[in-house]
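First to last, the protein sequences are chains H, E and V. Under our numbering, residues 1 to 387 are what the first sequence spells out, in order. Under our numbering, residues 1 to 231 are what the second sequence spells out, in order. Under our numbering, residues 1 to 248 are what the third sequence spells out, in order. As structure tokens, the structure follows; a few thoughts come after it.
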Amino acid sequence: MLTRFFLMGLDRKAGLVLTVLALLAVLVPVMTLVVPEGSPWHVSIFTVSLLGKYLCFALLALALDLVWGYVGILSLGHAAFFALGGYAMGMYLMRQIGPRGVYGNPILPDFMVFLNWKELPWYWLGFDHFWFAAIMVLVVPGALAFAFGWFAFRSRVTGVYLSIITQALTFALLLAFFRNDMGFGGNNGLTDFKEILGYDIQAPGTRVGLFLATIAALALSYMIASGIIASKLGKVLVAVRDTESRVRFLGYNTESYKLFAWTLSACMAGVAGALYVPQVGIINPSEFAPASSIEAVIWVAVGGRGTLAGAILGAVLVNFGKSYFTGALPEFWLFALGGLFVLVTLFLPKGLLGLWAQLTARLPNAKGPNAKGKNAPNGKIADQKGM
Amino acid sequence: MLDVRSVDLHYGAAQALRGVSMTAEVGKVTCLVGRNGVGKSSLLRAIVGLKPISGGTINWDGADVTKLAAADRARRGIAYVPQGREIFPLLTVRENLLTGYAPLPRGKRSIPDEVFELFPVLDSMLERRGGDLSGGQQQQLAIGRALVTRPRLLVLDEPTEGIQPSIIKDIGRAISYLRDKGDMAILLVEQYFDFARDLADDWTVMERGEVVLAGSRMALNDEDVRKFLTV
Amino acid sequence: MSAEDTLLYLDGVSVSFDGFRALNNLSLTMMPGEMRAIIGPNGAGKTTMMDVITGKTRPDHGTILFEGETDLTKLREASIANLGIGRKFQRPTVFEPHSVWDNLELALKAPRSPLKTLTYAISREDRARIEDILDITRLSPKRDRLAGSLSHGEKQWLEIGMLLAQDPKLLLVDEPVAGMTDAETEQTARLLCDIAGKHSVIVVEHDMSFVRALGVKVTVLAEGSVLAEGSLDSVSANQQVIDVYLGR
Numbered sequence: 001m002l003t004r005f006f007l008m009g010l011d012r013k014a015g016l017v018l019t020v021l022a023l024l025a026v027l028v029p030v031m032t033l034v035v036p037e038g039s040p041w042h043v044s045i046f047t048v049s050l051l052g053k054y055l056c057f058a059l060l061a062l063a064l065d066l067v068w069g070y071v072g073i074l075s076l077g078h079a080a081f082f083a084l085g086g087y088a089m090g091m092y093l094m095r096q097i098g099p100r101g102v103y104g105n106p107i108l109p110d111f112m113v114f115l116n117w118k119e120l121p122w123y124w125l126g127f128d129h130f131w132f133a134a135i136m137v138l139v140v141p142g143a144l145a146f147a148f149g150w151f152a153f154r155s156r157v158t159g160v161y162l163s164i165i166t167q168a169l170t171f172a173l174l175l176a177f178f179r180n181d182m183g184f185g186g187n188n189g190l191t192d193f194k195e196i197l198g199y200d201i202q203a204p205g206t207r208v209g210l211f212l213a214t215i216a217a218l219a220l221s222y223m224i225a226s227g228i229i230a231s232k233l234g235k236v237l238v239a240v241r242d243t244e245s246r247v248r249f250l251g252y253n254t255e256s257y258k259l260f261a262w263t264l265s266a267c268m269a270g271v272a273g274a275l276y277v278p279q280v281g282i283i284n285p286s287e288f289a290p291a292s293s294i295e296a297v298i299w300v301a302v303g304g305r306g307t308l309a310g311a312i313l314g315a316v317l318v319n320f321g322k323s324y325f326t327g328a329l330p331e332f333w334l335f336a337l338g339g340l341f342v343l344v345t346l347f348l349p350k351g352l353l354g355l356w357a358q359l360t361a362r363l364p365n366a367k368g369p370n371a372k373g374k375n376a377p378n379g380k381i382a383d384q385k386g387m
Numbered sequence: 001m002l003d004v005r006s007v008d009l010h011y012g013a014a015q016a017l018r019g020v021s022m023t024a025e026v027g028k029v030t031c032l033v034g035r036n037g038v039g040k041s042s043l044l045r046a047i048v049g050l051k052p053i054s055g056g057t058i059n060w061d062g063a064d065v066t067k068l069a070a071a072d073r074a075r076r077g078i079a080y081v082p083q084g085r086e087i088f089p090l091l092t093v094r095e096n097l098l099t100g101y102a103p104l105p106r107g108k109r110s111i112p113d114e115v116f117e118l119f120p121v122l123d124s125m126l127e128r129r130g131g132d133l134s135g136g137q138q139q140q141l142a143i144g145r146a147l148v149t150r151p152r153l154l155v156l157d158e159p160t161e162g163i164q165p166s167i168i169k170d171i172g173r174a175i176s177y178l179r180d181k182g183d184m185a186i187l188l189v190e191q192y193f194d195f196a197r198d199l200a201d202d203w204t205v206m207e208r209g210e211v212v213l214a215g216s217r218m219a220l221n222d223e224d225v226r227k228f229l230t231v
Numbered sequence: 001m002s003a004e005d006t007l008l009y010l011d012g013v014s015v016s017f018d019g020f021r022a023l024n025n026l027s028l029t030m031m032p033g034e035m036r037a038i039i040g041p042n043g044a045g046k047t048t049m050m051d052v053i054t055g056k057t058r059p060d061h062g063t064i065l066f067e068g069e070t071d072l073t074k075l076r077e078a079s080i081a082n083l084g085i086g087r088k089f090q091r092p093t094v095f096e097p098h099s100v101w102d103n104l105e106l107a108l109k110a111p112r113s114p115l116k117t118l119t120y121a122i123s124r125e126d127r128a129r130i131e132d133i134l135d136i137t138r139l140s141p142k143r144d145r146l147a148g149s150l151s152h153g154e155k156q157w158l159e160i161g162m163l164l165a166q167d168p169k170l171l172l173v174d175e176p177v178a179g180m181t182d183a184e185t186e187q188t189a190r191l192l193c194d195i196a197g198k199h200s201v202i203v204v205e206h207d208m209s210f211v212r213a214l215g216v217k218v219t220v221l222a223e224g225s226v227l228a229e230g231s232l233d234s235v236s237a238n239q240q241v242i243d244v245y246l247g248r
């Protein structure tokens, strides 16, 4: 049954995405670990982590596209789930520092020593074990999303109002995590990581390992998302996006469906954050900033909302652009981002993938997404007026 | 003169008007009748500019107004009294009447005396809020407001719906008066046959989005028209 | 008349909104397999009548029995829908981004929980059922077309098809031919006639040529109650009916 699920989701787009990811998974480690440093084919470790970072963002974008493109929930606070997953991983990594911190305390991280705390708060317990942290990466964003969604969807909050409260959610978390007395490192966050699973976090081998883990997570998440969309559940979600009352009228409990997609999406975002933190070496409250969530929305919009592959494309492209611009013309970046947002809203409502689809379209009669070419395109074109 | 030619109108994929042609002359009352759902209100909305048409032309006073926005049509003398009155409930009677100034140039901004002559009750309720008036009073206010704009085409959509008989009589008298003045074309949509018959100079009868019968009161029998209104 | 053996039994149903009597002592019965046309001038209470049957509005007085025994006035909308009473509204609300086939699949009577739909694989019975409905609604050649690309008439038929997919005992159809071409209107009449018999149908309409094409018993509503009942010819000749349509 699981194979059937994954096979259902294996359409042309999925095949393309998975092939590209597989290629990256093979080429990048080779080009960084095997190819010698002087060669033009060599990829620096810095680039590997940069690519890994892009792919973490791609996973966040994928999670967002699942709820925005397919369920119609414009979440302006999705980076919150990303950040929560990141903090969970960060807490594990902080515990791994052990006595190698500035203050040398084997149990307490530096910032707690600095605050004069005598012992580890209860919510830090367990984070010295990787398996516990891994579970928390899924459970914390998932539980928050579930609770939030439970109340929001049950009260039938939709549209703009729902987006506004997602903003409020992330903003509240931003304020909370900024406080030094919360015990999460305050405005400095968690950083200075030394080890992950016993491996030196700076070592090239570890970096490549993290990169591969990110690719695996992205590939798996893509297949899960694609499988869901292709299933009947996915069709219900798309119907809910368009006319929720009609779906309710058919006897479906739309709140459960939304809650399912929403919670799953939050868990994916959490995983993205957890893989991000060891690759960039820090997690701080600015990840909760509303601007981060809005950037994620721009990634999905640029790539093409409601296509899954578009989210990945948009995230990679925009972040590549960001890296370039903040390096070359830093003052220009925010303008570029804003301009991109306006451009996409006005001229490219279906994003880049939509533009591509338009350019390559030959059929005036659109087919359903699961037709899989059952009916040949030629004969039906003139059949518009027929009854 | 209002000259509607072969107008088509769609709501999404559904076609509400199919090649509708009709006219309304100045100095006459043209009654547009037909059962529910035949497209009368759709045609009125098309004429005043609230709904764009998908085919055909609408000509008023010798000019093609098909592409004109509703506000521009109001400036050219088309006034609309919609079904359900749509007076502003939080504004007073006076303020409602004053909204009629919108399409008027500065020099013409005044409430014509005939509004109060036709509907004296408005004079006695000037400071009352629109929402506090009875249905019949609101209807009179709606017509009065339309008259403030100095219309040359007055379009009324079922003015007698839900109104008590005495006020129906007043409205009928007002419409007669306005017709007799000779400077206004009046397009009246009605379900109440007898009321329409007493006022009609010309009939336009619709069914299923098309005009099925048109002609002057003299040329057509009551029976010919009634046939399309009943079951 | 007793409620026994009837499909739908309304007796003395009254509904008031803010003092306005929408339904006034309305009584009406329908037998299983029957198709009935409901006509009447504006404000006669046709929509309100459908609202009380489907549970959208609770009547102030009166009895509404389904299949002679179930009291509809005590049930909520969802429960009434589950009993097998389906309603089709005037404006088509099909799922435009989905194909005709998918629209029907979503509407088909099947477990509705997220888990069940995640693991759903179409069975042979379900496939046959959908083929059946595609046949009746004459949408078979368009099964893979996006619902959004259908003509207005086709969307209406798809929606009727979606209603059929839920296997209703009683269909309430509100102004199905509004905005349709003449050919589509004729087709719709035939479609409804095909459906009646296996299902019971109440059709509310203004279009008299359509009502005539249905060829069924007509109930005329006016001012919240039944004014006349009978064939279309007999009610058209009824002077009271004539007066009410002329607004007297």
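Ideal Cβ positions, reconstructed from N, Cα and C, are used throughout, including at glycine.
The beta-carbon distance between residue 127(E) and residue 94(E), rounded to whole angstroms, is 7 Å. This is short enough to meet the 8 Å contact definition. The secondary-structure analysis by DSSP pairs residue 167(E) with nothing; it has no beta-bridge partner.
Following the DSSP letters along the chain, one finds residue 60(E) inside the beta strand (DSSP E) bounded by residues 55-60. Shown in chain order are the members of the stretch 135-154 of chain V whose Cβ falls below 9 Å from a Cβ of chain H: 138, 141, 142, 143, 144, 145, 146, 147, 148, 149, 151, 153 and 154. Around residue 239(H), the same chain offers 246 and 247 as residues with beta carbons nearer than 8 Å, after the five sequence neighbours per side are excluded. In this structure the stretch 305-316 of chain H does not lie against the stretch 116-124 of chain H, because fewer than three pairs of beta carbons, one per stretch, are closer than 8 Å. Straight across, the Cα-Cα distance linking residue 73(H) with residue 74(V) is about 36 Å.
Distance between residue 132(H) and residue 241(H), taken at the CA atoms: about 36 Å.
When only Cα atoms are considered, residue 8(E) and residue 327(H) end up about 58 Å apart. Counting only unbroken stretches of 3 or more residues, the beta strand (DSSP E) elements lying wholly within the stretch 117-176 of chain E are 153-157, in sequence order.
Between residue 231(E) and chain V, the shortest Cβ-Cβ separation is below 8 Å.
Straight-line measurement puts the Cα of residue 33(E) at about 6 Å from the Cα of residue 204(E). Just so you know, the alpha carbons of residue 163(H) and residue 75(H) end up roughly 5 Å apart.
In the three-state reduction of the DSSP assignment, residue 228(E) falls in the coil class.
For chain V, the residues of the stretch 228-254 of chain H that bring a beta carbon within less than 9 Å of one of its beta carbons are 228, 231, 232, 233, 234, 235, 236, 238, 239, 241, 242, 243, 245, 246, 247, 248, 249, 250, 251, 252 and 253, in chain order. In the structure shown, the three-state DSSP call for residue 46(E) is helix. Here residue 124(H) has 91, 95 and 183 as same chain residues with Cβ atoms under 8 Å from its own Cβ, once five neighbours each way along the sequence are excluded. Under the three-state reduction of DSSP output, residue 166(V) falls in the coil class, being neither helix nor strand. When DSSP reads this structure, residue 199(H) sits in a beta bridge with 196(H). Unbroken beta strand (DSSP E) runs of no fewer than 3 residues, entirely contained in the stretch 57-98 of chain V, are found at 61-66 and 85-88, following chain order.
Taking residue 214(V) as the centre and dropping the five residues before and after it, the same chain places the C-beta of 37 and 189 closer than 6 Å to its C-beta, in chain order. Distance from residue 162(V) to residue 107(V) at the Cβ level is roughly 4 Å; contact confirmed, criterion being Cβ atoms closer than 8 Å. Put simply, the stretch 283-291 of chain H touches the stretch 184-194 of chain H. At least three CB pairs are less than 8 Å apart. A direct Cα-Cα distance of roughly 11 Å separates residue 225(E) from residue 207(E). Below the 9 Å Cβ cutoff, chain E contributes 231 as neighbours of residue 232(V), in chain order. Following the DSSP letters along the chain, one finds residue 22(E) inside the beta strand (DSSP E) bounded by residues 14-24.
By the rule that beta-carbons nearer than 8 Å mark a contact, residue 106(V) touches chain H. Neighbours of residue 95(V) across chain H, judged by C-beta separation under 9 Å: 235, 238, 239, 242, 243, 246 and 247. Around the C-beta of residue 245(V), 16 or more other C-beta atoms lie within 10 Å, and the residue is accordingly described as buried. For the C-beta of residue 36(E), the chain V residues within less than 8 Å are, from N- to C-terminus, 41, 42 and 206. Listed in chain order, the non-local C-beta contacts of residue 131(E) below 7 Å within the same chain comprise 89 and 90, local neighbours out to five positions each way being set aside. Proximity of residue 260(H) to chain V, defined by a Cβ-Cβ separation below 8 Å, is satisfied.
By a beta-carbon distance limit of 8 Å, residue 152(V) does not contact residue 171(V). Their separation comes to about 20 Å. Here residue 56(H) is not bridged, per DSSP, to any residue. Looking only at 259(H), 29(H) and 346(H), the smallest Cα-Cα distance to residue 153(H) is reached by 259(H). Counting C-beta atoms within 10 angstroms of its own C-beta, residue 161(H) has fewer than 16 neighbours from the protein chains shown and is therefore classed as exposed.
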